[in-house]
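First to last, the sequence lines map onto chains U and E. Residues in the first sequence are numbered from 26 upward in steps of one, following our numbering. Residues in the second sequence are numbered from 80 upward in steps of one, following our numbering. Structure, as structure tokens:
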Amino acid sequence: MPLQVGCAARPGKARENKTGAWRVFRPVVEREVCTKCGMCALVCPEGCVEETEDETYVVDLDYCKGCGICAEVCPKKAIRMEREEK
Amino acid sequence: MMEIMEGSHAVAEIVKYCRPQVIAAYPITPQTHIVEALAQMVANCEIDAEYITVESEFSALSACLGASAAGSRVYSATTSQGLALMFEVCFNVAGMRQPVVMSIANRSLGAPLSIWNDQQDSISLRDSGWIQLYAEDNQEAADLHLIAYRVCEDHSVLLPAFVCFDGFILSHTYEPVDMPTQEEVDGYLPPFVPYQRLDAKDPLSMGMYATPEYYMEFRYEIDRAMQRAKQVLVRAGTEFSEQFGRDYTGLVEGYRLDGADTALVAMGSICGTVKDAVDEMRDAGKKVGLLKIRTFRPFPAPEIADALRDVGTVAVLDKNISLGNSGAVGTEVKAALYGSGIRVLDYIIGLGGRDVRKEDIAKIVDLAEKGEGDMFYGLRTEVL
């Protein structure tokens with residue numbers, strides 16, 4: 026993305042800026058353990074846990090900051106936080 | 080028309096002719112007379128400007144930043160502690176590339192509390208991305224505002240500027256000032272054309288966050304704009320000279336440097352004293368000259384090196400001290416002359432309103448020629 030004078034931005038730019046680079050730990054969902062309760066999607070502060078067509082949940086790693094709240098609230102402990110390899 | 084004017088009132092008058100649309104400032108000695116006069120002009124409908132009364136300098140510059148971003152030509156003025164309170168906003172104004180022009184009636188910084196003149200306040204903001212111009216007299220203080228608006232609003236620059244003039248020494252002193260008419264100013268300074276502006280119908284945010292992948296490039300862009308400002312300053316100064324007959328073609332100004340063995344380097348009102356001292360020393364057969372730095376940011380290093388190429392010794396007068404090192408101007412002049420073999424010595428003078436007289440200038444030249452320098456000059460050792 027080319028620089029704009031004065032670091033100016035039109036609305037919607039936050040979606041274009043991939044902010045997942047801040048992440049140290051990434052959530053990994055174990056599908057066989059997941060009961061599809063949706064708690065992870067509900068609590069995600071970035072709103073980046075999405076329900077898919079087959080009713081499982083995936084994390085959009087372009088925006089996930091790796092805060093780990095989803096793993097913390099998961100009643101089945103189906104989400105573990107793995108250190109990112111940079 | 081030639082008028083006898085107090086420095087502050089000359090500045091207020093020229094600012095009126097610059098047609099600012101928004102003025103926000105907080106009174107602080109010795110800047111107060113400027114904004115007092117402008118408030119009166121707004122109240123009298125002499126200027127078609129919005130005068131925003133604020134509760135602090137932080138708010139004053141924040142209001143100016145917002146108004147500038149919305150597309151207005153804005154003006155503020157401050158000094159010393161007031162400028163210190165604006166520190167954060169100063170960096171934001173430059174980073175958002177808003178052409179705010181602000182007068183600085185230079186004053187020392189506390190503690191200890193002092194209302195008197197030195198240049199510590201603006202010098203301490205040298206890295207903030209503001210163009211810094213220093214005036215020698217009231218005429219120059221007025222004129223530099225016209226040049227500042229021209230340069231700042233140029234779309235190849237888009238940076239803010241301090242127009243610095245020494246508190247009390249100029250701000251409260253009456254001098255003859257050739258004040259242009261509104262028509263003359265209009266002929267030199269066209270209406271402000273914003274590069275981009277806030278508009279509710281076409282939303283835009285400025286100064287958005289930059290991740291490590293982008294931040295450095297933004298800083299680089301500000302630095303490049305600062306470098307481009309040099310040429311724009313020269314062009315605006317040349318056009319000013321053509322229209323008004325007063326010479327601002329150079330970022331620096333040499334005075335009797337031809338054949339000089341020793342050159343003094345200084346900024347601001349002290350240059351007037353130095354010129355008189357140089358005349359007396361020249362009459363006595365001493366080969367001395369002055370290099371006045373009018374533009375401190377962008378720093379005219381090549382211009383300084385060129386102007387001083389034939390001298391043997393340089394004595395820099397610094398009305399500031401970067402505590403733990405030396406004066407800011409001296410440090411930068413030394414860097415500009417690095418490798419030239421010219422001896423550069425720095426003298427901290429006139430802090431907190433300490434008077435500097437012609438005989439002091441002569442003594443500094445003697446010290447420099449003996450190789451004694453990089454020191455506070457005129458310390459009262461009996462109280463230490």
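By construction, the Cβ of each residue, glycine as well, lies at the ideal position given by its N, Cα and C atoms.
Exercise. Can you check DSSP and say which residues form a bridge with S182/E?
Key: Under DSSP, S182/E forms a beta bridge with A156/E and V242/E.
Quiz prompt | Alpha-carbon spacing of N217/E relative to P255/E, whole angstroms | solution = 8 Å
Self-check item: Continuous beta strand (DSSP E) stretch holding D257/E: start and end
Solution: Y253 to D257
Quiz item: Any Cβ of chain U within less than 8 Å of the Cβ of F297/E?
Solution: yes
Quiz item: Of the residues C99/U, A66/U, I94/U and E97/U, which one's Cα is nearest the Cα of V83/U?
Solution: Sorting C99/U, A66/U, I94/U and E97/U by C-alpha distance to the C-alpha of V83/U places A66/U at the top.
Practice problem: Report the option in P106/E, Y299/E and C350/E whose CA atom is closest to the CA atom of E466/E. | Solution: Here chain E has residues from 80 to 463 only, and residue 466/E is not among them.
Quiz item: Where in the segment 77–101 of chain U do unbroken runs of the beta strand (DSSP E), each at least 3 residues long, occur, reported from the N-terminal end onward?
Solution: 82–84
Quiz item: With 16 as the cutoff for other CB atoms within 10 Å, does N404/E come out buried or exposed?
Solution: It is exposed - the Cβ of N404/E has fewer than 16 other Cβ atoms within 10 Å.
Quiz item: Roughly how many angstroms separate the alpha carbons of V435/E and T410/E, rounded to a whole number?
Solution: The alpha-carbon separation between V435/E and T410/E amounts to approximately 21 Å.
Practice problem: Check whether the Cβ of P70/U lies closer than 8 Å to any Cβ atom in chain E. | Solution: no
Practice problem: Would you tell me roughly how many angstroms separate the C-alpha atoms of D278/E and R152/E, rounded to the nearest one? | Solution: 16 Å
Quiz item: Quick one: is L67/U near chain E, going by C-beta distance under 8 Å?
Solution: no
Quiz prompt | Distance between N196/E and F247/E (C-alpha atoms, nearest Å) | solution = 7 Å
Practice problem: Please name the residue in A122/E, A89/E, R205/E and E85/E whose C-alpha comes closest to that of I102/E. | Solution: A122/E
Quiz item: What is the DSSP secondary structure of V435/E, counted as helix, strand or coil?
Solution: DSSP places V435/E in coil when its eight states are reduced to three.
Quiz item: Is it the case that the Cβ atoms of L330/E and K354/E are separated by a distance below 8 Å?
Solution: no
Self-check item: Pairwise C-alpha distance: G174/E and A148/E
Solution: 12 Å
Exercise. List the residues of chain U that A289/E touches, going by C-beta distances under 8 Å, in chain order.
Key: Contact of A289/E with chain U by beta-carbon distance below 8 Å involves C32.
Practice problem: Could you confirm whether any beta carbon from chain U is found closer than 8 Å to the beta carbon of M305/E? | Solution: no
Exercise. Determine, using beta carbons only, whether R35/U comes closer than 8 Å to chain E.
Key: yes
Quiz item: CA-CA distance, G72/U and Y267/E?
Solution: 54 Å
Exercise. Assign I428/E to one of three DSSP states: helix, strand, or coil.
Key: coil
Quiz item: For Q177/E, which of D233/E, I202/E, T341/E and Q306/E has the nearest alpha-carbon?
Solution: D233/E
Exercise. Give the residues of chain U in contact with Q275/E, contact being defined as C-beta atoms less than 8 Å apart.
Key: V30, G31 and A33
Practice problem: Just grab the DSSP bridge partners of P52/U for me. | Solution: M106/U
Practice problem: Anything in chain E within Cβ reach of A46/U, meaning under 9 Å, just list it in chain order. | Solution: T290, P291 and E292
Quiz item: If you compare alpha carbons, which of E262/E, R373/E, P109/E and V395/E is closest to A73/E?
Solution: There is simply no residue 73/E to check, as chain E begins at 80 and stops at 463 in what is shown.
Practice problem: Buried or exposed for E82/E, please, with buried defined as at least 16 other CB atoms from any protein chain shown within 10 angstroms of its CB. | Solution: E82/E should be labelled exposed.
Quiz prompt | Own chain partners of M360/E with C-beta closer than 7 Å, once the 5 adjacent residues on each side are dropped | solution = V367, A441 and V444
Quiz item: Within 10 angstroms of its Cβ, does L336/E collect 16 or more other Cβ (buried), or is it exposed?
Solution: Counting the other Cβ atoms within 10 Å of the Cβ of L336/E gives 16 or more, which makes it buried.
Exercise. Taking all protein chains shown into account, decide if P291/E is buried (16 or more other Cβ within 10 angstroms of its Cβ) or exposed.
Key: exposed
Practice problem: Just tell me which of C32/U, A33/U, R56/U and E97/U has its CA closest to the CA of D79/U. | Solution: R56/U
Exercise. Measure from the C-beta of R152/E to each C-beta in chain U and report whether the shortest distance is under 8 Å.
Key: no
Quiz prompt | Inter-stretch contact at 8 Å, needing at least 3 Cβ pairs: the segment 90–104 of chain U / the segment 93–100 of chain E | solution = no
Quiz item: Do three or more CB pairs link the segment 118–133 of chain E to the segment 158–174 of chain E at distances below 8 Å?
Solution: No, they do not touch.
Quiz item: Is Y426/E near K371/E, with beta carbons less than 8 Å apart?
Solution: no
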